[in-house]
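In what follows, a structure is listed as structure tokens, so that the remarks can point back to it.
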Amino acid sequence: MTTNAPKSQPRTATLDDIPALTALWQETGLYRPYNPPEWDVRFALESSEATLFVWEDNSDNMIGSIMAGRDGHRGWVYYMAVTPSLQKSGLGRRLMQVGENWLRDQGVWRMQLMVRADNHATQDFYRHLGYRACDVTVMQKDINTPPADR
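Here this note's numbering runs 18 ahead of the position in the sequence shown, where the first position is 1.
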């Protein structure tokens, strides 16, 4: 996708953004078929504990996203994505500042994020922003029926 200059600020996502977010997350390798984006977008937008920002260019093409949420103890960032043609342009850093600021405004003092173990370039990006790897194992269990199957 050819992009124009980014708009000056991101905006809060809406449910109408799901197709463009899905395309962005597919383009940037964040999409997983077992985790349909509409579930996470809807959950974030309907929660008072989370938000999702999108950044567009001057032609209204979606060029970046960041989801932030708090769990009562920590802040978390998910779906931080920048369209490939704008990676290394500073937009990722700006998106992280937006997410960090939202969490800070919610009273969060420490935030975390998850990066797949084999995604070394993304790990390097976050290290450059001051994040450090923690020696933890993330475990997961589905405790309810997925939204699409309810």
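For glycine and all other residues, C-beta sits at the position ideal for the given N, C-alpha and C. A quick note: this is a predicted structure, and the numbers were derived from the prediction, not measured.
What residue does the alpha helix (DSSP H) around residue i start on, and which one ends it?
| i | result |
| --- | --- |
| Gly117 | 109-123 |
| Gln170 | The chain is shown from 19 up to 168; residue 170 falls before or after that span and cannot be answered. |
| Leu48 | It is not in any alpha helix (DSSP H) - Leu48 carries neither H nor E in the DSSP assignment. |
Under 8 angstroms by Cβ, that's how I've got residue i and residue j pegged, so tell me the actual separation to the nearest angstrom.
| i | j | result |
| --- | --- | --- |
| Gly117 | Ile81 | Wrong, their Cβ atoms sit about 16 angstroms apart, outside the cutoff. |
| Arg29 | Phe61 | At roughly 19 angstroms, the Cβ-Cβ gap does not stay under 8 angstroms, so Arg29 and Phe61 are not in contact. |
Look up residue i in the DSSP assignment and say whether it is helix, strand or coil.
| i | result |
| --- | --- |
| Pro37 | helix |
| Arg29 | strand |
| Ala151 | coil |
| Pro55 | helix |
| Ala23 | coil |
| Ala135 | coil |
I'd like the span of the beta strand (DSSP E) that includes residue i, first residue to last.
| i | result |
| --- | --- |
| Gln158 | Per DSSP, Gln158 belongs to no beta strand (DSSP E) and is neither H nor E. |
Within a Cβ cutoff of 8 angstroms, which residues of the same chain sit near residue i, ignoring the five residues on either side of it in sequence?
| i | result |
| --- | --- |
| Phe143 | Gly110 |
| Asn76 | Asn22, Ala23, Pro24, Lys25 |
What are the complete beta strand (DSSP E) segments, minimum 3 residues, inside the stretch 71-106? 80-88, 93-100
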